[in-house]
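Peer 1:
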Amino acid sequence: MPDRELRHMRRTELVEIILALKQSEDRLRAENAALSAQLQERQIHIENAGSIAQAALELNKVFEAAQAAADEYVASVLAANKNTDAAASALRAQAEAEAQQILAQAQTEAANLKARTQQQCDAETEAAARKRAQTEADCKAMLARTQQEIQQRRAAFDRRASELLDGYHSTEFLPEERAK
Numbered sequence: 018m019p020d021r022e023l024r025h026m027r028r029t030e031l032v033e034i035i036l037a038l039k040q041s042e043d044r045l046r047a048e049n050a051a052l053s054a055q056l057q058e059r060q061i062h063i064e065n066a067g068s069i070a071q072a073a074l075e076l077n078k079v080f081e082a083a084q085a086a087a088d089e090y091v092a093s094v095l096a097a098n099k100n101t102d103a104a105a106s107a108l109r110a111q112a113e114a115e116a117q118q119i120l121a122q123a124q125t126e127a128a129n130l131k132a133r134t135q136q137q138c139d140a141e142t143e144a145a146a147r148k149r150a151q152t153e154a155d156c157k158a159m160l161a162r163t164q165q166e167i168q169q170r171r172a173a174f175d176r177r178a179s180e181l182l183d184g185y186h187s188t189e190f191l192p193e194e195r196a197k
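Numbering (our numbering) for the sequence shown: 18 to 197.
As structure tokens, then:
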């Protein structure tokens, strides 16, 4: 508005225009502050974009290190599995050898026990045979003594019977018996 028009206006109109201008100025200042804030935010985003790219590179390095560590871990697990398999095979072979040794030892002990038992049986059989032979010899000796005793008793009986018969025959002619 030109200066002339302003001069012809009333005070209330001028106050209204001043107030409108003041509001417009406040609004523009607020808009300016908002735009400055947006500009500031965009600059932060741009700076962060550089930082994000750098962070991505750093994350890639971290991921590469993590992948290398994981690969190393997998390799060590595989090596440990191979070592475990080898150790298990060695233990299995050792256990089988020990089992064979125990079996051989048990068979040897069984054979020794069988031989000792056979020796004991043979010794007891021999002792029983000796005892039987001794018992048979004792029985024959007893039988011989018994037969000898029987013969002696029979001979004694025969002598006595002969004596009695002789005595009876000699008593036949006794006077007392004749009288009867």
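From the three backbone atoms N, C-alpha and C, an ideal C-beta is built for every residue, glycine too.
For a test of the three-state rule: what should DSSP assign to M26, helix, strand or coil?
Peer 2: By one-based count along the sequence shown, residue 26 stands at place 9. M26 falls in the coil class under three-state DSSP.
Peer 1: By how many angstroms is the C-alpha of E143 removed from the C-alpha of A116?
Peer 2: Mapped onto the sequence shown, residue 116 falls at position 99. Mapped onto the sequence shown, residue 143 falls at position 126. Each residue's Cα considered, the two are about 40 Å apart.
Peer 1: If you draw a straight line from the C-alpha of R195 to the C-alpha of Y185, how long is it?
Peer 2: Your numbering for residue 195 matches position 178 in the sequence shown. Your numbering for residue 185 matches position 168 in the sequence shown. With a pLDDT of 48 at R195, under the threshold of 50, the modelled position of this residue cannot be trusted; read the value that follows with caution. So the alpha carbons of these two residues sit roughly 14 Å apart.
Peer 1: Among residues of its own chain, excluding the 5 on either side of K197, which ones have a beta-carbon nearer than 7 Å to its beta-carbon?
Peer 2: Taking the first residue of the sequence shown as position 1, residue 197 is located at position 180. Its pLDDT being 48, under 50, K197 is placed unreliably by the model, and the measurement read from it follows with that caveat. Here the set comprises nothing.
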